[in-house]
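Notes to accompany the following structure.
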Amino acid sequence: MSDNCLHIVPKHRDDYPDSELKAKEILTWFQEREMVEDCLSNCILSTNQKGYRFKLNITSIFNDGTSWVHNDALLTQGLELAYGKRKVFHPVEGAYLTITCPSCGKAVDEETAYHWIDDWHENKGKDYQNCPSCNEKRHLTEYEIEPAWAFSNLGISLWNTPWDLTTEFLSDMKKLFKTEIIVVPVRI
6 MSDNCLHIVP KHRDDYPDSE LKAKEILTWF QEREMVEDCL SNCILSTNQK
56 GYRFKLNITS IFNDGTSWVH NDALLTQGLE LAYGKRKVFH PVEGAYLTIT
106 CPSCGKAVDE ETAYHWIDDW HENKGKDYQN CPSCNEKRHL TEYEIEPAWA
156 FSNLGISLWN TPWDLTTEFL SDMKKLFKTE IIVVPVRI
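The numbers in the sequence shown follow the numbering used here, run straight up by one, and end at 193.
Set out below in structure tokens:
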């Protein structure tokens, strides 16, 4: 069996203000609904971080939650919080991507695309990039990216769950983040 996760990331320019405080607010949202345990545990796919193991109520955020089997025996099944440092939320390491300019509709070559991502991630002050075709300057998050990638200093990951999130849950996440969100499905 392979692992999977869903990254849920706010779409914004610049760094998300008070990302640690917002991460704690999101954790509280999950805990108040008894969707995750209160204590950190080894329930995410990481060797240097811990997450919050899912409880049975997590099934309520999935359209087909009743058919999904919440499994206490599965080691990797929990909520991961990412905050502070900038992070690239991608579908899988080395994943193919297409970045397209929303102004002219031309795709940016892959080498340039990865260079832009590195510049953003390393916070080199190059969050805005000129399209090589039309020279329109836009923030990296304004370009159309397929498959979905997200860029933020804040995000959550749901490990080993279905991918069919309810519209109500997605709406709740938008309200919590106070912005649009990007959902990045990952299969490892």
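For each residue, glycine too, the CB sits at the ideal point set by N, CA and C.
Legend entry - C-beta contact flag for K90 and S157 at 8 Å: No, the Cβ-Cβ distance between K90 and S157 is not below 8 Å.
Inset, instruction - Identify whether E85 lies in helix, strand or coil by the three-state DSSP scheme. - result: The DSSP-derived three-state label of E85 is strand.
Inset, instruction - Assess, as a yes-or-no matter, whether the stretch 100 to 113 is touched by the stretch 139 to 146 under the definition of 3 or more beta carbon pairs within less than 8 Å. - result: Look at the beta carbons and you see the stretch 139 to 146 touching the stretch 100 to 113: at least three pairs across the two are nearer than 8 Å.
Legend entry - Where the beta strand (DSSP E) containing A155 begins and where it ends: In the DSSP annotation of this structure, the continuous segment of the beta strand (DSSP E) that includes A155 starts and ends at A155 to W164.
Inset, instruction - Flag this pair as yes or no: are the beta carbons of T171 and I13 separated by less than 8 Å? - result: No.
Inset, instruction - Classify E141 as helix, strand or coil using the three-state DSSP reduction. - result: The answer is coil: DSSP assigns E141 none of H, G, I, E or B.
Inset, instruction - Would you check if the stretch 79 to 90 and the stretch 52 to 61 touch, i.e. whether three or more CB-CB distances between them fall below 8 Å? - result: Yes, the stretch 52 to 61 is in contact with the stretch 79 to 90.
Inset, instruction - Could you give the DSSP three-state label for Y119: helix, strand or coil? - result: In the structure shown, Y119 adopts helical secondary structure according to DSSP, grouped into three states.
Legend entry - Within 8 Å, strictly: CB atoms of V191 and A155: No Cβ-Cβ contact shorter than 8 Å links V191 with A155.
Inset, instruction - In angstroms with no decimal places, state the Cα-to-Cα distance between E173 and L61. - result: Taking the straight line from one Cα to the other gives about 18 Å.
Inset, instruction - Just grab the DSSP bridge partners of C10 for me. - result: DSSP lists W164 and V191 as the beta-bridge partner residues of C10.
Legend entry - Distance between E116 and R38 (C-alpha atoms, nearest Å): If I take the Cα positions, the gap works out to 44 Å.
Inset, instruction - Indicate the three-state DSSP secondary structure (helix, strand or coil) for A28 in the structure shown. - result: Shown here, A28 sits in a helix according to DSSP, grouped into three states.
Legend entry - Neighbourhood of E25 by C-beta, 8 Å cutoff - its chain only, sequence neighbours within 5 removed: Only Y88 and G89 meet the Cβ criterion.
Inset, instruction - Give me the Cα-Cα distance between D43 and T33, rounded to the nearest whole angstrom. - result: Going by the C-alpha atoms only, they are around 9 Å apart.
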